[in-house]
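Q: As given, the protein sequences belong to chains A, B, C and D, one line each in that order. Position 26 of the first sequence, counting from 1, maps to 26 under full-length UniProt numbering, and the rest follow consecutively. Position 220 of the second sequence, counting from 1, maps to 220 under full-length UniProt numbering, and the rest follow consecutively. Position 229 of the third sequence, counting from 1, maps to 229 under full-length UniProt numbering, and the rest follow consecutively. Position 97 of the fourth sequence, counting from 1, maps to 97 under full-length UniProt numbering, and the rest follow consecutively. The beta-carbon is built from N, C-alpha and C at its ideal position, and this holds for glycine as well.
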Amino acid sequence: MANLKQSAKQSEAPVVHNPVFIDGSDLTTPTLKILRQDGSVYEGAELPDINKELALKIYDTFQFIRALDERMVAAQRQGRISFYMTEIGEEAADIGSTAALADDDMIMAQYREQGALAFRGFPLDQFMNQMFSNEKDLGKGRQMPIHYGSKDLHYMTISSPLGTQLPQAVGYAYGYKLEEKDNCVICYFGEGAASEGDFHAAINMAGVFKVPAIFFCRNNGYAISTPSSEQFAGDGIAPRAVAYGLKAIRVDGNDVLAVLKATQEARKLAIEHNQPVLIEAMTYRLGAHSTSDDPSGYRSKKEEEKWREKDPVLRFKHWLIQQGWWSEEQDADIADAKRKAVMAAMKEAEKVAAPHLDDLITDVYDTPPKHLQEQLAELKAHIRQYPDAYPKTAGRIDHE
Amino acid sequence: MANLKQSAKQSEAPVVHNPVFIDGSDLTTPTLKILRQDGSVYEGAELPDINKELALKIYDTFQFIRALDERMVAAQRQGRISFYMTEIGEEAADIGSTAALADDDMIMAQYREQGALAFRGFPLDQFMNQMFSNEKDLGKGRQMPIHYGSKDLHYMTISSPLGTQLPQAVGYAYGYKLEEKDNCVICYFGEGAASEGDFHAAINMAGVFKVPAIFFCRNNGYAISTPSSEQFAGDGIAPRAVAYGLKAIRVDGNDVLAVLKATQEARKLAIEHNQPVLIEAMTYRLGAHSTSDDPSGYRSKKEEEKWREKDPVLRFKHWLIQQGWWSEEQDADIADAKRKAVMAAMKEAEKVAAPHLDDLITDVYDTPPKHLQEQLAELKAHIRQYPDAYPKTAGRIDHE
Amino acid sequence: MSNMNLLQAVNNALDIAMEKEPKTVCFGEDVGHFGGVFRATSHLQEKYGKSRCFNTPLTEQGIIGFANGLAAGGHKAIAEIQFADYIFPAFDQIVNEAAKFRYRSGNEFNVGGLTIRSPYGGGIHGGLYHSQSPEAYFTGTPGLKVVMPRNPYQAKGLLLASIRDDNPVIFFEPKRLYRASTGEVPEEDYELPLGKADIMQEGRDITVLGWGAQMEVLEKAVAMAAEDGISCELIDLRTLMPWDVETVTQSVQKTGRLLISHEAPLSGGFAGEIAATIQDTCFLSLESPIARVTGLDTPFPLAHDKEYMPDHLKNYEAIKRSVSF
Amino acid sequence: MSNMNLLQAVNNALDIAMEKEPKTVCFGEDVGHFGGVFRATSHLQEKYGKSRCFNTPLTEQGIIGFANGLAAGGHKAIAEIQFADYIFPAFDQIVNEAAKFRYRSGNEFNVGGLTIRSPYGGGIHGGLYHSQSPEAYFTGTPGLKVVMPRNPYQAKGLLLASIRDDNPVIFFEPKRLYRASTGEVPEEDYELPLGKADIMQEGRDITVLGWGAQMEVLEKAVAMAAEDGISCELIDLRTLMPWDVETVTQSVQKTGRLLISHEAPLSGGFAGEIAATIQDTCFLSLESPIARVTGLDTPFPLAHDKEYMPDHLKNYEAIKRSVSF
Ligand SMILES: Cc1ncc(C[n+]2csc(CCOP(=O)(O)OP(=O)(O)O)c2C)c(N)n1
Ligand SMILES: Cc1ncc(C[n+]2csc(CCOP(=O)(O)OP(=O)(O)O)c2C)c(N)n1
Ligand SMILES: [Mg+2]
Ligand SMILES: [Mg+2]
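1) Specify the secondary structure class of residue 205(C) as computed by DSSP and reduced to three states.
2) What residues in the region 241-267 of chain B bring their beta carbon closer than 9 angstroms to a beta carbon of chain F?
3) Hey, could you find the ends of the alpha helix (DSSP H) residue 261(C) is sitting in?
4) Where residue 259(A) and residue 137(A) are concerned, what is the direct C-alpha to C-alpha distance, given to the nearest angstrom?
5) Buried or exposed for residue 367(A), going by 16 or more other Cβ atoms inside 10 Å?
6) What residue does the alpha helix (DSSP H) around residue 239(B) start on, and which one ends it?
7) Answer with buried or exposed for residue 68(D), where buried requires no fewer than 16 other C-beta atoms within 10 angstroms of its C-beta.
8) How big is the Cα-Cα spacing for residue 309(B) and residue 89(B)?
9) CB-CB under 8 angstroms to residue 7(A), same chain, minus the five flanking residues each way: which ones, in chain order?
10) Is residue 60(C) a contact residue of ligand 2, with contact defined as CB to any heavy atom under 7 angstroms?
11) Examine ligand 1 and report whether any of its heavy atoms sits within less than 7 angstroms of the Cβ of residue 119(D).
12) Whose Cβ in chain D lies nearer than 7 angstroms to the Cβ of residue 141(A)?
13) Where do the N-terminal and C-terminal ends of the alpha helix (DSSP H) with residue 204(B) fall, by residue?
14) Within the continuous beta strand (DSSP E) that includes residue 118(D), where are the two ends?
15) Report the neighbours of residue 217(D) on chain A: residues whose CB is nearer than 7 angstroms to its CB, in chain order.
16) Please list the residues of the region 100-124 of chain D that have a C-beta atom closer than 7 angstroms to any C-beta atom in chain B, keeping them in chain order.
17) Mind checking whether the beta-carbon of residue 143(B) lies closer than 7 angstroms to any heavy atom of ligand 2?
18) State the beta-bridge partners of residue 274(C) as determined by DSSP.
19) Relative to the alpha-carbon of residue 96(B), which residue among 119(B), 164(B), 275(B) and 105(B) has its alpha-carbon at the smallest distance?
20) Return helix, strand or coil for residue 98(D), following the three-state DSSP convention.
21) When every heavy atom of ligand 2 is checked, does at least one fall within less than 7 angstroms of the C-beta of residue 122(C)?
22) Could you have a look at residue 290(D) and say whether DSSP puts it in helix, strand or coil?
23) Give me the chain D residues within the contact set of residue 67(C), using Cβ-Cβ distance strictly less than 7 angstroms, ordered along the chain.
24) One question on the structure: do residue 144(D) and residue 206(D) come within less than 8 angstroms of each other, judged by their Cβ atoms?
25) Over what stretch of residues does the beta strand (DSSP E) that includes residue 215(B) continue unbroken?
26) Taking Cβ-Cβ distances shorter than 9 angstroms, what residues in chain C pair up with residue 90(B)?
27) Between residue 6(C) and chain B, is the shortest Cβ-Cβ distance under 8 angstroms, so that the two count as touching?
28) For residue 203(D) and residue 233(D), which I take to be in contact (beta-carbon distance under 8 angstroms), what is that distance rounded to the nearest angstrom?
29) Can you determine whether any heavy atom of ligand 1 sits closer than 7 angstroms to the C-beta of residue 82(D), and answer yes or no?
30) Which residue marks the beginning of the alpha helix (DSSP H) containing residue 139(C), and which one marks its end?
31) Quick check: what's the CA-CA separation for residue 9(D) versus residue 312(D)?
32) Return yes when at least one heavy atom of ligand 4 lies under 7 angstroms from the C-beta of residue 285(B), else no.
33) Which complete beta strand (DSSP E) runs does the region 275-322 of chain A hold, if anything under 3 residues is left out?
34) Which residues mark the beginning and the end of the beta strand (DSSP E) in which residue 368(A) is found?
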């Protein structure tokens with residue numbers, strides 16, 4: 001079980017009579033590792049709570065996400081969707097941590113955590129509906145691809161502005177505490193987003209209000225082209241939590257068992273003690289930042305190769321095989337099946353119509369106020385006049 | 001000399017195979033103390049660079065600020081000025097630290113650092129002109145009392161929004177670095193203001209850009225009514241600097257020799273190594289937050305008394321007398337002289353006219369654009385029509 | 001009925017809201033034990049406990065971020081920003097998050113339970129940073145409602161409606177009137193409708209429109225005009241977004257003239273939006289240009305605040321100019 | 001002269017500004033080695049070194065706070081905000097600090113050396129957060145200048161003028177046109193005046209006014225109208241604050257009609273301010289209501305972005321409506 005020692009309080013702090021500056025060398029942040037790359041477990045390592053079923057569910061999600069990411073990058077290149085972001089190389093981080101949660105713990109993600117949503121059971125066709133902005137998209141076709149959200153699955157809709165979900169997670173978790181629910185919030189963010197003021201506000205408030213929240217940092221080395229060495233001068237993100245009265249742990253983010261273990265322990269702290277925890281997962285964004293990006297402009301292939309050797313999916317596969325829970329044959333089959341399913345779903349989603357024009361003005365407010373109704377009416381009249389110019393909607397305007 | 005050890009880097013960090021959470025107990029922040037309350041020096045304490053002249057200049061500033069604060073609170077009660085803020089109890093912090101700087105190091109203060117400005121030699125009548133918003137005010141009567149500023153004295157004009165000066169200090173210090181000046185910026189702020197996002201942005205950027213800046217936190221226990229226990233859960237402010245790759249030191253903020261020593265060392269780090277430093281001065285706001293506030297609503301007289309016994313001015317006086325540099329007789333004289341000077345200056349400033357109406361629109365831009373000139377012309381015409389309604393300005397409008 | 005000042009009316013509304021709906025939570029800087037720097041939240045912590053009324057750390061972006069999350073979880077989050085001048089660090093959480101929460105999620109999530117209260121406006125010798133009227137920064141953001149009451153009765157009814165409205169509402173309180181404005185206020189729970197202007201006085205010659213503290217000024221101006229035989233229709237807009245185009249249009253179609261007054265600077269102030277709309281809806285009825293009587297296009301000054309303010313004399317003169325155009 | 005796209009023109013202006021004035025510094029997210037996500041700062045780090053062109057941590061409030069301090073120290077600070085949609089975390093540093101720096105200090109200090117560049121606008125399938133046109137949030141803030149160019153030639157001349165202007169300037173670049181708009185641009189240093197509108201085409205029947213990327217749309221609409229025999233006077237406002245009231249007034253006094261178009265939502269958009277001013281300065285000349293053709297009062301949508309946009313057809317129809325009023 002995790003340490004629950006008391007924080008040192010000011011009053012007990014020592015006195016000195018000559019100036020001593022403290023700095024990063026006064027705080028050491030160890031990294032939790034459980035799995036070696038070959039799938040063997042470090043000696044003395046304590047395994048997380050995991051059985052075959054959970055292990056295979058995690059692995060299934062890995063495979064699904066790999067298939068999805070690969071396919072959608074291709075789809076973007078073909079011009080079928082406008083934008084995509086992969087999580088290749090980081091699957092163990094979001095999927096391993098979500099696997100430690102209760103199904104109704106709220107997930108507040110940044111944008112590179114489709115794996116967490118898949119683990120929760122978001123249907124493949126919903127992924128596709130979102131990316132194709134069609135009328136079946138839960139988000140009504142309003143946001144760019146990958147901005148998923150699902151109330152049923154307790155996955156807060158993604159918002160592009162970075163860092164904003166962090167103080168929101170504190171408020172959401174405070175709501176759990178008020179209602180004495182046995183739930184926590186997990187809030188994902190990148191090491192880049194951790195530079196936003198909202199990050200600081202969030203962890204400071206989490207410490208003061210003692211909320212059941214897990215702040216999960218994917219420290220993947222880059223924020224678009226900016227390496228973490230130009231993002232911060234400290235020793236990563238974990239020490240910040242210490243400074244604000246939280247507990248923190250650093251894990252090998254490519255080691256799904258370490259991630260799972262750390263998150264299981266963090267969840268206990270959050271739920272049982274209203275102790276907010278920050279987890280820093282050290283990982284690497286193997287792909288481009290997004291389909292709009294080309295990393296060859298700012299980093300070397302060699303660096304990428306070094307990290308490709310730490311592939312979290314492969315590492316976990318080795319362990320599964322060593323457990324006798326999985327085989328190479330099954331592996332080939334599943335990859336194939338996932339690819340086919342993704343392709344089929346994509347083709348389906350492409351056929352679905354765009355959202356109805358009326359949804360241009362719904363949800364701005366709970367009900368459309370008069371001025372929006374008028375603007376919509378005007379717009380419809382205009383579209384009727386120029387149907388060819390608005391092919392997506394012209395055919396479907398009700399002829400009031 | 002201060003320690004200049006290297007920061008521990010991630011790569012060297014240890015690996016563990018069982019989850020270990022780090023928290024505040026893993027980092028100890030000692031407090032630097034040099035002077036005891038009775039004016040004696042702790043054994044083994046290293047004194048700052050200080051001679052009789054500097055010591056008496058500091059003490060003179062203490063006395064001036066006490067006289068000014070006392071008088072202006074009374075003036076506010078009498079309705080002569082609208083607002084005032086005292087720094088009683090915290091004099092050692094701002095004055096002791098400014099005393100460690102070069103005269104042309106930029107000071108970017110919060111608002112409770114009139115002592116720093118007085119130490120720099122801001123004339124008494126200028127203090128008064130600002131508070132009476134008269135036409136001699138360098139700020140042209142535009143800001144509330146105590147929002148001083150002086151280009152000549154390298155004291156950035158105070159701005160009410162909290163925390164905003166912090167990232168500005170980083171930019172200003174970066175300018176010094178670009179020009180390879182042997183200067184640093186000192187940036188004062190309260191422990192309350194340290195909760196603003198701008199604080200985090202500032203120290204993170206300072207660490208990354210390695211700028212010659214000293215972030216000086218007056219941790220005086222309160223932000224208006226909010227005690228620091230409801231402001232943050234960590235061990236004060238200093239550990240935050242560690243997390244962001246700065247150096248940090250905590251000092252007894254009522255011990256002017258400790259403050260001076262720490263700031264002298266910090267300045268060396270800043271100037272010689274472009275090493276940003278955070279100084280946390282532990283002190284107490286003995287007075288009300290401002291003349292609009294009444295602290296009896298949120299804290300006990302007993303708590304205040306405890307801190308009154310730690311009076312920084314008295315403590316320093318004892319030391320001065322022990323040095324043979326000062327006497328009780330001189331003390332009585334100086335207090336009396338300061339009070340008289342303040343009173344006289346106040347009476348002078350009250351007589352000075354309000355700023356000219358034209359200054360209502362200057363300095364919005366470098367030169368007033370047409371629309372502002374027109375608005376002013378209209379306003380003048382209106383005032384001419386109703387001179388009695390605008391007594392401050394009606395008499396002085398040029399009769400174009 | 002009991003006689004209350006505007007602060008008491010706000011406090012009373014919060015009290016009722018918290019009593020009736022246990023999911024209601026009030027927070028902000030110094031809001032807890034102390035009851036806020038203006039004491040709008042006095043005694044609420046005593047009555048409802050520290051978990052429902054509390055101090056926050058000093059971070060406006062954190063406060064509204066927290067409030068958004070709390071509201072998204074189904075609570076009524078009432079956040080106080082100590083002065084409207086200090087709302088800007090929270091600007092992103094308001095305009096990019098709160099305002100767009102429902103829309104971007106296709107209504108999977110919303111922060112309809114959010115209300116942001118903040119004292120605004122000049123007249124207290126506050127200079128640049130204790131005087132601003134930032135309403136127009138928010139009226140230009142689809143998804144937000146903006147409400148500004150003029151007196152205690154209005155404040156209570158509009159605040160209760162704002163809290164219960166299922167949209168994020170920014171509620172700006174005229175701090176100059178906190179203690180200066182008193183009046184009879186029902187003790188019981190009541191709401192005044194959002195989105196509806198209030199015709200305070202009917203008239204024939206010109207429509208005079210404002211909101212919040214400015215209504216007091218306009219009442220004086222209108223009274224002066226009356227002595228000159230000018231009959232003004234005085235309207236309090238109350239809700240600035242979505243605003244009551246219909247009531248204003250009807251009034252201007254009748255009077256043929258419109259004056260709009262606010263403390264915020266002229267350029268970019270909300271009067272511009274109203275004038276642009278009304279010159280369209282009332283083009284054929286307008287007998288003189290729509291007049292705007294506002295603050296100057298400067299930061300809020302201190303020594304010259306009297307000169308800066310759109311006071312009753314400036315409004316009175318503008319009324320006369322408009323009528324004799 | 002050489003043929004440049006808008007990005008190249010911006011890059012070229014930055015290059016010249018940095019070359020001529022060593023106190024000029026460019027920074028922002030990904031601005032350094034990589035040259036910015038749009039590559040507006042390409043090669044500047046190579047040429048002028050890492051200390052004068054560099055990446056910042058990912059914090060807009062920090063970037064502008066830093067820029068304010070650097071400018072206060074006498075440097076020309078050119079800060080990039082990666083997308084105008086992400087300018088809001090810096091709102092406080094812009095509207096409460098940069099805009100008021102000179103005024104509040106009585107000119108003891110100023111940040112006249114500050115220029116904030118940011119790509120704005122829709123048309124790149126960006127949805128809510130890669131499409132916004134937030135200019136009106138800034139035009140309502142005395143102390144700021146706001147500039148928006150329409151093509152490469154304008155971009156270079158206006159950006160150089162903005163950098164050298166001794167006031168904080170917000171320079172919004174039409175990202176839709178970054179590569180799409182090309183044209184002849186002088187290689188040498190030149191400036192175009194701030195505060196002056198540009199009459200792109202003279203006309204008799206109606207004044208058509210816009211700025212930035214919208215000018216391209218308006219050119220099309222005006223051409224369509226010309227085929228119907230309607231003679232439009234097309235004006236690019238270029239500087240939104242302080243704006244050229246005189247040129248617009250003179251034009252409307254001549255044509256008797258005005259249409260203003262922008263991508264931002266209608267309510268609270270800058271067209272409102274212009275309409276309010278012009279209905280006053282041109283009251284007796286106006287032959288039809290001032291028309292505003294703008295985005296809808298919603299967040300910027302994705303699937304329906306075409307429907308949302310104030311395209312040439314909507315403008316064309318509005319021109320006809322106005323002329324036949
Ligand atoms: C407030 C804000 N500023 C800038 C951006 C543009 N942006 C999108 S992603 C990104 C980098 C984020 O890096 P990080 O947080 O490390 O996450 P990662 O992409 O590595 O997963 C940037 C700068 C944004 N979305 N929001
Ligand atoms: C952005 C902002 N929010 C709120 C305020 C109102 N306010 C003025 S001083 C203050 C407390 C500051 O406390 P601290 O930083 O500890 O400084 P101290 O007063 O103790 O010296 C508050 C909340 C402000 N000026 N600016
Ligand atoms: Mg990253
Ligand atoms: Mg304090």
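A: Put simply:
1) Translated into positions along the third sequence, residue 205(C) becomes position 205. Residue 205(C) carries a coil assignment under DSSP once its states are collapsed to helix, strand and coil.
2) No chain F appears in the structure shown, which is made up of the protein chains A, B, C and D.
3) Start at 1 with the first residue of the third sequence, and residue 261(C) comes out as number 261. Note, residue 261(C): premise wrong, no alpha helix (DSSP H); beta strand (DSSP E) at 258-265.
4) By one-based count along the first sequence, residue 259(A) stands at place 259. By one-based count along the first sequence, residue 137(A) stands at place 137. A direct Cα-to-Cα measurement between residue 259(A) and residue 137(A) gives close to 31 angstroms.
5) Taking the first sequence and counting its residues from 1, one reaches residue 367(A) at position 367. Burial call: exposed.
6) Taking the second sequence and counting its residues from 1, one reaches residue 239(B) at position 239. That run of the alpha helix (DSSP H) goes 238-243.
7) Along the fourth sequence, read from residue 1 onward, the residue named residue 68(D) stands at position 68. Classification of residue 68(D): buried, given that the 10 Å Cβ count is 16 or more.
8) Taking the first residue of the second sequence as position 1, residue 309(B) is located at position 309. Taking the first residue of the second sequence as position 1, residue 89(B) is located at position 89. Going from the Cα of residue 309(B) to the Cα of residue 89(B) covers about 10 angstroms.
9) To locate residue 7(A), count along the first sequence from 1; it is residue 7. Caution applies to residue 7(A), whose pLDDT of 41 falls short of 50 and renders its modelled position unreliable; the value that the coordinates give is listed next. Excluding sequence neighbours, residue 7(A) sits near 245.
10) As a working note, residue 60(C) is residue 60 in the third sequence. Yes, since a heavy atom of ligand 2 falls inside the 7 angstroms radius drawn around the Cβ of residue 60(C).
11) Within the fourth sequence, numbered from 1, the residue matching residue 119(D) stands at position 119. No, the Cβ of residue 119(D) stays beyond 7 angstroms of every heavy atom of ligand 1.
12) As a working note, residue 141(A) is residue 141 in the first sequence. Per Cβ cutoff of 7 angstroms: 302 and 303.
13) Walking along the second sequence from the start, residue 204(B) turns up at place 204. For residue 204(B), the uninterrupted alpha helix (DSSP H) run begins and ends at 197-209, by DSSP.
14) Within the fourth sequence, residue 118(D) is the residue found at index 118, counting from 1. 114-120 is the extent of the beta strand (DSSP E) around residue 118(D).
15) Start at 1 with the first residue of the fourth sequence, and residue 217(D) comes out as number 217. The contacting residues do not exist; residue 217(D) stays about 13 angstroms from chain A at best.
16) Listed by position, the residues of the region 100-124 of chain D near chain B (Cβ gap below 7 angstroms) are 102, 103, 104, 105, 106, 107, 108, 109 and 112.
17) If you number the second sequence from 1, residue 143(B) lands on position 143. At a threshold of 7 angstroms, residue 143(B) does not count as near ligand 2, since its beta carbon sits no closer than that to any of the ligand's heavy atoms.
18) Translated into the one-based positions of the third sequence, residue 274(C) becomes position 274. Beta-bridge analysis with DSSP links residue 274(C) to no other residue.
19) Taking the second sequence and counting its residues from 1, the one referred to as residue 96(B) is at position 96. Taking only the C-alpha atoms, the option nearest residue 96(B) is 119(B).
20) Within the fourth sequence, numbered from 1, the residue matching residue 98(D) stands at position 98. DSSP, read as helix, strand or coil, puts residue 98(D) in helix.
21) The sequence position of residue 122(C) within the third sequence is 122, counting from 1. No, Cβ of residue 122(C) sits at least 7 angstroms from all heavy atoms of ligand 2.
22) On the fourth sequence, residue 290(D) is found 290 positions in, with the first residue counted as 1. In the structure shown, residue 290(D) falls within a coil segment according to DSSP collapsed to helix, strand and coil.
23) Mapped onto the third sequence, residue 67(C) falls at position 67. Neighbours of residue 67(C) across chain D, judged by C-beta separation under 7 angstroms, do not exist; the nearest C-beta is about 16 angstroms away.
24) Locating residue 144(D) in the fourth sequence gives position 144, counting from the first residue. Locating residue 206(D) in the fourth sequence gives position 206, counting from the first residue. Cβ distance not < 8 angstroms, so residue 144(D) and residue 206(D) don't count as in contact.
25) On the second sequence, residue 215(B) is found 215 positions in, with the first residue counted as 1. Counting along the chain, the beta strand (DSSP E) containing residue 215(B) begins and ends at 213-219.
26) Within the second sequence, residue 90(B) is the residue found at index 90, counting from 1. The contacting residues do not exist; residue 90(B) stays about 18 angstroms from chain C at best.
27) For the purposes of this step, residue 6(C) is identified with residue 6 of the third sequence, where counting begins at 1. Not an interface residue.
28) Counted from its first residue, the fourth sequence places residue 203(D) at position 203. Counted from its first residue, the fourth sequence places residue 233(D) at position 233. Right, the Cβ-Cβ distance comes to about 4 angstroms (below 8 angstroms), so this counts as a contact.
29) As a position in the fourth sequence, residue 82(D) is number 82, starting the count at 1. Annotation for residue 82(D) indicates a beta carbon within 7 angstroms of some heavy atom of ligand 1.
30) In the third sequence, counting from the first residue as 1, residue 139(C) sits at position 139. Per DSSP, residue 139(C) belongs to the alpha helix (DSSP H) from 135-139.
31) Residue numbering aside, residue 9(D) sits at position 9 when the fourth sequence is read from its first letter. Residue numbering aside, residue 312(D) sits at position 312 when the fourth sequence is read from its first letter. Between the alpha carbons of residue 9(D) and residue 312(D) lies a gap of roughly 26 angstroms.
32) Residue numbering aside, residue 285(B) sits at position 285 when the second sequence is read from its first letter. Of the heavy atoms belonging to ligand 4, at least one sits nearer than 7 angstroms to the Cβ of residue 285(B).
33) Runs found: 277-282.
34) Position 368 of the first sequence, counting from 1, holds the residue named residue 368(A). For residue 368(A), there is no enclosing beta strand (DSSP E), as DSSP gives it neither H nor E.
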